[in-house]
Amino acid sequence: MISIFVRLLVIVTCIGLLSDATFAQPPAPLDGRDGRDLALDQFRPKSMLQLELHETRRAKFPVVDVHFHGRIKLAPTPEALDDYVRIMDEQNIAASVSLDGHWGEEIDEHLSFLNGRHPGRFVTFANIDWQGAGRTEEPATWDCNQPDFAQRVVERLRDAERRGASGVKIFKQFGLGYRNADGPLIKIDDPRFDPIWQACGELGLPILIHVADPAAFFEPIDQRNERWEELNRHPEWSFYGPQWPRREELLRAFIAIVERHPQTVFIGAHVAGNAEDLRTVGAWLEKFPNLYVEIAARIAELGRQPYTSRKFFLDHADRILFGTDGPRSRERLYPHWRMLETWDEYFPYADELFPPQGLWNIDGLGLPDDVLRKVYHENACRIIPGVKALVDARLKMVEK
Ligand SMILES: [Zn+2]
């Protein structure tokens with residue numbers, strides 16, 4: 020009986036004791052014939068399926084990565100930028116949207132860092148400074164809790180638009196971090212901030228907003244949690260407990276602002292924070308024409324429900340954008356093309372010792388060319404200012 024060779028033992032008392040250092044080396048092979056236990060984090064079964072495989076080293080059509088961190092995740096050196104652009108060229112990423120522009124002069128600096136060496140490849144989104152000169156531990160001193168905050172932000176965003184910002188990125192701390200003067204977390208649909216969402220619509224700046232996190236992060240870290248080994252490595256990613264809002268509450272508040280501001284384009288990051296429930300996301304897309312979603316860091320979710328995902332892409336092809344939450348390595352990018360373009364079955368979504376987002380494999384969606392073109396670049400060209408010119412120039416260059 021092969022099944023008794025490997026027995027999984029999840030030692031709950033180990034939570035918190037295992038650090039990333041524990042995972043640096045491949046685990047020594049364990050011989051289960053002696054009835055030895057194998058920790059869950061060391062179980063890396065190799066699939067014995069003999070399947071038709073496709074090399075996907077390059078996207079079939081030019082891609083716009085609408086979720087790229089040109090400041091937070093990319094080293095601020097010309098070499099790091101050159102390396103990333105080399106990967107873009109290899110894999111057919113025509114343009115990337117850096118979500119880390121900040122505001123004021125920092126936008127100019129960021130754009131000249133990105134486009135100075137590689138003109139025509141990047142646009143940037145602005146960010147809102149909620150804290151200002153306030154003291155970190157004292158929410159009452161934060162700028163977002165002072166009078167007229169929203170009006171001042173609107174002025175800064177107007178300025179950001181003049182400096183060339185193509186949108187606004189809102190981080191998940193809005194809803195899961197920033198606090199009211201008296202302590203509780205600020206709610207996403209707090210009407211104090213309505214003028215900001217309103218102004219973005221008037222300025223033509225789409226809002227890319229990260230709301231909530233994977234469903235499993237809001238559940239107890241116990242034997243039923245499908246992301247147990249990941250939360251075990253990163254207990255700080257858990258939002259389970261009375262100190263956190265329910266995930267449904269965050270999503271509901273997000274949809275409330277989408278509904279209140281029909282002239283403003285909202286791009287729900289990470290499949291609007293709800294990739295585990297595409298039926299609900301689909302219903303939102305149907306109800307709110309100003310809502311779009313992008314797929315960054317969610318191929319593990321989309322590829323493990325291929326029939327549902329494929330239907331989601333076909334039904335909402337005009338409303339889904341491509342993103343990675345990168346810069347990503349070559350190896351992390353390949354499965355994106357493979358999932359979207361091929362019918363390959365049961366392949367890893369990340370070529371790493373520990374799959375970063377759940378211990379499972381994914382399947383290809385085999386999307387048709389017209390859907391791929393929309394998701395890869397056409398939708399981004401339509402709704403993100405400045406992107407179309409970059410993609411058109413790129414397409415012309417390729418034709419030559
Ligand atoms: Zn991100």
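So the sequence shown is numbered by the working numbering: it starts at 20 and just counts up by one.
We put the CB at the ideal spot given by N, CA and C, even for glycine.
Annotation for D119 indicates a beta carbon at 6 Å or more from all heavy atoms of ligand 1. For D56, the shortest separation between its Cβ and any heavy atom of ligand 1 does not lie below 6 Å.
Here the C-alpha atom of F62 lies approximately 43 Å from the C-alpha atom of V410. L359 places its beta carbon 7 Å or farther from that of H335. The Cβ neighbour count for L100, taken over all protein chains shown within 10 Å, is at least 16; the residue is labelled buried. Proximity to ligand 1 was defined by a C-beta distance below 6 Å to any of its heavy atoms, and the residues meeting it, in sequence along the chain, are H86, H88 and D344. The beta carbon of D344 is closer than 6 Å to those of H86, A315 and A316 in its chain, skipping five residues each way along the sequence. The Cβ atoms of G292 and A234 lie no closer than 7 Å to each other. Apart from the 5 residues on each side of it in sequence, P214 sits with its Cβ closer than 7 Å to the Cβ of A169, Q170 and V173 in its chain, given in chain order.
Only exposed fits I91, as fewer than 16 other CB atoms lie within 10 angstroms of its CB.
Between F144 and N134, the C-beta gap is not smaller than 7 Å, which leaves the two residues out of contact. Judged by DSSP in its simplified three-state form, T75 adopts coil rather than helix or strand. A contact is defined here as three or more CB-CB pairs under 8 Å, and the stretch 346-358 meets this definition with respect to the stretch 100-118. Within 10 angstroms of the beta-carbon of E109 lie fewer than 16 other beta-carbons, which makes it exposed. Judged by DSSP secondary structure, H289 falls within the alpha helix (DSSP H) whose first and last residues are A288 to A291. Taken in chain order, the unbroken stretches of beta strand (DSSP E) that lie wholly in the stretch 91-161 and span 3 residues or more are 112-117 and 141-143. A contact between stretches requires three or more CB pairs, one per stretch, nearer than 8 Å, and the stretch 235-245 fails this requirement with the stretch 186-205. Selection A288, P158, W379 and V187 evaluated against K65 yields W379 as nearest (Cα-Cα).
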